[in-house]
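First residue of the sequence shown? That's 14 in the numbering used here, and the numbers climb one at a time after it.
Each remark here refers to the structure printed beneath this line.
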Amino acid sequence: TFALETLARFPHWLAELEASGELDRAPDKATLVQWLHDALTDCEDEENLQRALRRFRRARMLGIVWRDLNRPAGATMWQTAQSVAWLAEVCIEAALGWLENFYAPRWGLPEARRDGSPQRLVVLGMGKLGAGELNLSSDIDLIFAFPEKGETQGGRKPLEHQEYFTKLGQRLIAALDAMTADGFVFRVDMRLRPLGDGGPLVGSFSMLDSYYQDQGREWERYAMLKARPVAGDIDAGQTLLASLRPFVYRRYLDFGAIESLRELKAMINREVKRKGMESNI
């Protein structure tokens, strides 16, 4: 249905995908980055950004669906999942970079860290995105973080980093998730962050570290197994995950941990039964 609807709206895309070779082989991530960079070059406002992102995503998904259905030489289910994950990562990074530049005159940019390195938003991919295995209809589970507290510089007025990164995160979610005439890029789910919908949208590294060490629940420990920095400051994201290793990987396994696994599995089974999905494997 997706492919038919897309070709009905953009019949010329099939010839363009064939000319680029995208019907026969998946473009690598660097190629996707360049293509999207070119597509966003002339975007002057967020409306144009959203349109460009959605059309880019739709064109790339058409190629992915085509290859998944026709299975050209070397195409596999894993390649499909990887291609969708790459597409999500490229869209997140491109949207984030565009928004940083667009709002810099108004909000400024974060002051440098104590070691002099610049600060950017850290975007952690969770679940299927973190594992690099999105399916064709997956939403993307994200957690936002930033390294250090401080104030922005160079804008109309200084903003606390908490406020700046929250505003930036909100605009990033809208760029990806908002439903427009062109659809959406990816549905964004932020509920895996500390305290879920009741918690702050963005947390500093120190806040996240304190939360997980003092209040982290068993399911959050297991969710962090697939966490991976997917956009923004990747190196800082790796540093954050390294600091959380004592929480994620316990030094020992006791009966309490085993019992919590049983309880989590039972909860999943109850939810599956409630939704009438027992036959869904």
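Ideal Cβ placement from N, Cα and C applies to all residues, glycine included.
Computed from a predicted model, the values in this text were never measured in an experiment.
* **For G76 and N83, the rounded distance between their alpha carbons** => Between N83 and G76, the alpha-carbon positions lie close to 11 Å from each other.
* To do: Compute the minimum distance between the beta carbon of T89 and the heavy atoms of the ligand SAH, and state whether it is under 7 Å.
  => The ligand SAH is absent from the structure shown, which contains no ligand whatsoever.
* To do: Quick one: using the 10 Å Cβ neighbour count with 16 as the cut-off for buried, is W91 buried or exposed?
  => Residue environment for W91: exposed (fewer than 16 other C-beta atoms within 10 angstroms of its C-beta).
* To do: Provide the residue span of the beta strand (DSSP E) that contains V136, from first to last.
  => V135 to M139
* To do: For the beta strand (DSSP E) holding A158, just list the boundary residues, first then last.
  => From DSSP, the beta strand (DSSP E) with A158 extends over I153 to F159.
* Rounded separation between Q63 and L189 - CA only -> 7 Å
* Contact check, V135 vs L253 under 8 Å by CB: the rounded distance? -> 6 Å
* Any chance the region 93-108 sits against the region 131-145, with 3 or more Cβ pairs inside 8 Å? -> yes
* **DSSP three-state assignment for M103, whether helix, strand or coil** => Correcting the residue identity first, residue 103 is Val in this sequence and not Met. V103 falls in the helix class under three-state DSSP.
* Between D202 and I153, is the Cβ-Cβ spacing less than 8 Å? -> yes
* Within this structure, are the beta carbons of G121 and G182 separated by less than 8 Å? -> no
* **Own chain, CB closer than 7 Å to L112, minus 5 neighbours either side, in chain order** => If we look at L112 and ignore the five residues flanking it on each side, its Cβ neighbours are L181, R184, L185 and A188.
* Per DSSP, which residues does G196 bridge with? Please list them. => T193
* To do: Enumerate in chain order the residues of its own chain whose CB-to-CB distance from A255 is below 8 Å, with the five nearest sequence positions on each side excluded.
  => none
* Cα-Cα separation, E233 to L66 -> Each residue's Cα considered, the two are about 31 Å apart.
* For G216, does the three-state DSSP call read helix, strand or coil? -> It is a strand residue.
* Name the two residues that bound the continuous alpha helix (DSSP H) containing G250. => I247 to S256
* When you compare each of E59, G110, F15 and L142 to R200 by their alpha carbons, which one comes out closest? -> L142
* Closest residue to R133 among S150, Y235 and E164 (Cα-Cα distance) -> E164
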